[in-house]
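Enquirer: Chains as they are written, first to last, in the working numbering: chain A, 1 to 521; chain B, 1001 to 1521.
(1) Is residue 349 (chain A) buried or exposed, if buried means 16 or more other CB atoms sit within 10 Å of its CB?
(2) Closer than 9 Å, CB to CB, is residue 1235 (chain B) near chain A or not?
(3) Could you tell me whether the Cβ of residue 1521 (chain B) comes closer than 9 Å to any Cβ of chain A?
(4) Taking the C-alpha atoms as reference points, what is the distance between residue 49 (chain A) and residue 30 (chain A)?
(5) Within 10 angstroms of the Cβ of residue 1116 (chain B), are there 16 or more other Cβ atoms? Answer buried if so, exposed if not.
(6) From residue 1198 (chain B) to residue 1277 (chain B), what does the alpha carbon distance come to, in whole angstroms?
(7) Looking only at C-alpha atoms, which of A:252, A:169, A:223 and A:53 sits nearest to residue 1158 (chain B)?
(8) Roughly how many whole angstroms lie between the Cα atoms of residue 1152 (chain B) and residue 1235 (chain B)?
(9) Starting from the Cα of residue 1020 (chain B), find the closest Cα among B:1475, B:1290, B:1482 and B:1464 and give me that residue.
(10) Among B:1125, B:1099 and B:1474, which residue has its Cα nearest to the Cα of residue 1134 (chain B)?
(11) Along the chain, which unbroken stretches of the beta strand (DSSP E) at least 3 residues long are found entirely within the segment 304-386 of chain A?
(12) Does the segment 1404-1421 of chain B touch the segment 1439-1450 of chain B, meaning 3 or more C-beta pairs lie closer than 8 Å?
(13) For the 8 Å Cβ check, are there 3 or more pairs between the segment 1139-1147 of chain B and the segment 1121-1130 of chain B?
(14) Indicate whether at least one CB of chain A lies closer than 9 Å to the CB of residue 1167 (chain B).
(15) So does the segment 1411-1425 of chain B actually touch the segment 1279-1295 of chain B, counting three or more Cβ pairs closer than 8 Å?
(16) Can you tell me whether residue 1221 (chain B) sits near the ligand SAM, meaning its C-beta is under 8 Å from at least one heavy atom of the ligand?
(17) At a Cβ threshold of 9 Å, is residue 1182 (chain B) touching chain A?
(18) How would you call residue 395 (chain A), buried or exposed, if buried means at least 16 neighbouring beta carbons within 10 angstroms?
(19) Within the 9 Å Cβ cut-off, does residue 1122 (chain B) reach chain A?
(20) Which residues of chain A have a Cβ atom closer than 7 Å to the Cβ of residue 1048 (chain B), listed in chain order?
(21) Give the straight-line distance between the Cα atoms of residue 479 (chain A) and residue 246 (chain A), rounded to the nearest whole angstrom.
(22) Using a Cβ-Cβ distance cut-off of 9 Å, determine whether residue 367 (chain A) contacts chain B.
(23) Could you name each continuous beta strand (DSSP E) segment of 3 residues or more that falls completely within the segment 1038-1105 of chain B, going from the start of the chain to the end?
(24) Using 10 angstroms around the beta-carbon of residue 1287 (chain B), count the other beta-carbons present and answer buried if the total reaches 16, otherwise exposed.
(25) How about the segment 203-218 of chain A and the segment 264-271 of chain A: do they share at least three Cβ pairs that are nearer than 8 Å?
(26) From residue 996 (chain B) to residue 1192 (chain B), what distance separates their C-alpha atoms?
(27) Cα-Cα, which of B:1038, B:1375, B:1040 and B:1013 is closest to residue 1415 (chain B)?
(28) How long is the line joining the alpha carbons of residue 1221 (chain B) and residue 1470 (chain B), rounded to whole angstroms?
(29) Kindly indicate if chain A contains any beta-carbon less than 9 Å away from that of residue 1358 (chain B).
(30) Let me make sure I understand the geometry here. Which of B:1353, B:1335, B:1515 and B:1341 has the alpha-carbon closest to that of residue 1387 (chain B)?
(31) So residue 973 (chain B) contacts chain A; which residues on that side make the cut at Cβ distance below 7 Å?
(32) Can you find the residues in the same chain that come closer than 6 Å, C-beta to C-beta, to residue 1231 (chain B), ignoring five residues on each side of it along the sequence?
(33) What residues of chain B sit near residue 229 (chain A), judged by a beta carbon separation below 9 Å?
(34) Can you list the residues of chain B that residue 163 (chain A) reaches, using a CB-CB cut of under 9 Å?
(35) Could you tell me whether any Cβ in chain B is nearer than 9 Å to the Cβ of residue 316 (chain A)?
(36) Please confirm if the segment 1337-1356 of chain B is in contact with the segment 1296-1311 of chain B, defined as three or more CB-CB distances below 8 Å between the two stretches.
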């Protein structure tokens, strides 16, 4: 390769520690190295940096299109929820009251601070405290009660893109933050059957998004009673397996029955003229998905972004050691970029960035490796002479390159991106399959979730376990005990492949289904 | 017209009161009739309904593209700002501390409410109160201070789409709400000249958006010292004239000098190796623009949406009096819709909705008139027989129709939409010109802003006044006095056509510029 001599000696890996050495710390380092996000001065709130936000914008664009294709429209509801609204649904308030930000004042004025120094202090106390929305069922319910009068107003299919706040003591960028960005769908229907159908339709939208766009395989299933959304009749989720074999709940779809319709008085006159409560659903995914993408695909050199969601598909790096050849190289780069940008890909066009920053070529290349751009193209003086460009794929070794003509690259780029996309899914799927096991022997079950080395404070947790597909009698007390002992929970009762009567793995009592047991984020 | 006999008798106007009868109340009725937004149970916070939010989504799409084309990238910063951050910039805290939502607790627990009843009460008091962002200069400054180290990191060009809260006692949907949606651009530069250039570039982006997309003519200019953004060196704005001749500040762009860079310690090593403070800007537009669009274009029949920003360009209404002809009519509607949807328009394709709801034809037609869809197409049995469709334009009388073949419509629709867009701008511009006047006589100035009938509580304010282009000596005390006496303020010192030395209209002292005086929202 013509430019190889200009690269600095590559480090063993760009990210230290590696996944194997310390998965948790590796995750933080990838987020930093890919310039995705950082902690803010506000406890538990993150700053999403441009590359991380561009990923989220692509998630939004694709999901938003899927929501609109299934008949939903966007709207926007207040950030604040009066305390009395939260109190309307008994289970709901129990679930959310413990972890919310409470607004009590609407003004600041000069006064004495807690430490006696002069400064601004809260003033203008509110008659009723306001809660910063942890989720919007109750405030949206108040609108729905006004909007729904007759069966003709149903179904009502609404989505909101918004920020929400759930106070968290232990936070991790993207995976668990006090403030996060999400979408929350809220729908009302005339019958239970229609609401259940909607619940499953949106679960399927999430599955398709996870698998076909994020290249992240998931298991779809129903939650046990202990893991239901507070106030829901049934909660369904998509569950993905991360590289450390722990589960990540990546999206949820709730059938709320008439619980919230009763709490908010969402009533309609049916075709027979009878007043009835509506049946509602809600469903959401959040910036947590970005964490899922990282933990599914990133490697010891940094992030790897699936092409269909990549902010930049192709990075072109001009290699200009001599000023006299620089203009011709820059021209060749721009010409190639222009050509690639005309090609349609994954609902937009191929996104190309020509990186002309004044940085050493090796540093620049490594920045793009760490950010996970799917394809890198280098053009240096000798490439130009030979009419070639040097192409590297992020899903292959950093040093692997292929020389080809710009024509050949333009002819091949769409296939190449799809090949990378498919390869990423296949690799992730093989990982899930490798670490999913039907277990019927209680000893084997216990061993599956027990590290072979004892955990200590200064040694990282050993990577072990995975998804155990085992029978469960659905006794909540047993579930709680298991969580306590092994840190293992029932991720879901799978929609597919779960029905298989036999003895419960925990109690030996008769069970009808296998469930997915795993440790989880 | 074939379907005219099926229309109910049209009311005199769809909106009562009319603009002339009571402009303020007319505005509220248009917002309601067009189904744009409504008040929520949370004081001062609005619910943006699907048609209103679809408008905002189009604003976002176009503006976001313009921001990206000028080199900006999106990011996301915390909703909460520690009180101490707000206190860093003296003028800034003075301007914003009086009207903000303050989070003081992070939990709720069972207790006794103010009225003695048992219920949830705030618990977990925060060590330092958090302010819900009224604007993000200070919290973004904290990130910029970390991101900027060297001249190579500059310029830093960031935008954020977010919700903000400014506690307001008197609110009006879209125009003034406690919570609103906006974008805030924040940039840092190595030199004053570059920061000033950025300030003017974004002002120009706003002018282009207002005039070419919203069809809303604006005056661009600099704010007087009394109207500057708290903490800015210079504030520039676009000012539009509403139909009641009052001004609406529709967007602002601030040159912040080094004020916030000093408060947040945004410092960089320049090329000579010297540590310097950066120069920053900020700029924003909000959902207030939706209010501006309404007050520029809506009429006594409801909203009129400029085609380039319309969520739906063409509404097709099947007229099906007899069940036996209904299938053929529905087929003709879908066929026309499919054909129109293939045409590219204003950065997307023509958006068509076939409205097959089970409603009386006349009611349905009026709903779309009130929502302001640019073009309505009706297809009934006789139209179908004759191979024609019946086309109505929202910018013409409700009863005006033109019969044409589907071919002719498909061939003409793009020109038609642009013709409507241009017509709306021209009409709005003529209104601004008609009510803008160079005034040099103090008596005339006073008369211009004084209603001919006295205002009373139960009679609406008479529509009068406009933009007075008069000379001003820039004395802040005189400006305050004028505001007090006549409710008139200096909207801006126009960038174009303002320089014209002569005596000040208020004091007779020498002045160098004409400014735009007006009453304002």
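Glycine included, every Cβ here is placed at the ideal spot set by N, Cα and C. What you are looking at is a predicted structure, and each value in this text was computed from that prediction instead of being measured.
Expert: Reading from the atomic positions:
(1) Exposed: under 16 other Cβ atoms inside 10 Å.
(2) Proximity of residue 1235 (chain B) to chain A, defined by a Cβ-Cβ separation below 9 Å, is not satisfied.
(3) So, not an interface residue.
(4) So the alpha carbons of these two residues sit roughly 13 Å apart.
(5) Residue 1116 (chain B) should be labelled exposed.
(6) The alpha-carbon separation between residue 1198 (chain B) and residue 1277 (chain B) amounts to approximately 17 Å.
(7) Answer by Cα proximity: A:53.
(8) Computed Cα separation, rounded: 28 Å.
(9) With distances taken between Cα atoms, residue 1020 (chain B) lies closest to B:1464.
(10) Cα-wise, what sits closest to residue 1134 (chain B) is B:1099.
(11) Taking only runs of at least 3 residues, the beta strand (DSSP E) segments lying wholly in the segment 304-386 of chain A are 314-318, 352-354 and 375-379.
(12) They do not touch, by the three-pair rule.
(13) No, because fewer than three Cβ pairs between the segment 1139-1147 of chain B and the segment 1121-1130 of chain B fall closer than 8 Å, the two stretches do not touch.
(14) Interface residue, yes.
(15) At 8 Å Cβ cutoff, the stretches do not touch.
(16) The ligand SAM is not part of this structure, which contains no ligands at all.
(17) Judged by the 9 Å Cβ criterion, residue 1182 (chain B) is not in contact with chain A.
(18) Residue 395 (chain A) should be labelled buried.
(19) Closer than 9 Å: yes.
(20) Those within 7 Å of residue 1048 (chain B) in chain A are 75 and 76.
(21) Roughly 17 Å separates the two Cα atoms.
(22) Closer than 9 Å: no.
(23) You should have 1046-1048 and 1080-1082.
(24) Buried: at least 16 other Cβ atoms inside 10 Å.
(25) Too few Cβ pairs lie closer than 8 Å, so no.
(26) Only positions 1001 to 1521 of chain B appear in the structure, and residue 996 (chain B) is not among them; the question remains open.
(27) Closest by alpha carbon: B:1375.
(28) Using only the alpha carbons, I get a separation of about 14 Å.
(29) Chain A contact via Cβ: present.
(30) Residue B:1335 is the option with its Cα nearest to residue 1387 (chain B).
(31) Residue 973 (chain B) lies beyond the range of chain B shown here (1001 to 1521); nothing can be said about it.
(32) Contacts found: 1089, 1091, 1092 and 1259.
(33) Result: empty, since nearest Cβ-Cβ is about 19 Å, beyond 9 Å.
(34) Listed along the chain, the chain B residues whose CB falls inside 9 Å of the CB of residue 163 (chain A) are 1076, 1079, 1162 and 1163.
(35) No - not a single Cβ of chain B is within 9 Å of the one on residue 316 (chain A).
(36) Using a Cβ-Cβ distance cut-off of 8 Å, the segment 1337-1356 of chain B and the segment 1296-1311 of chain B are in contact, since at least three pairs of beta carbons, one from each stretch, lie closer than that value.
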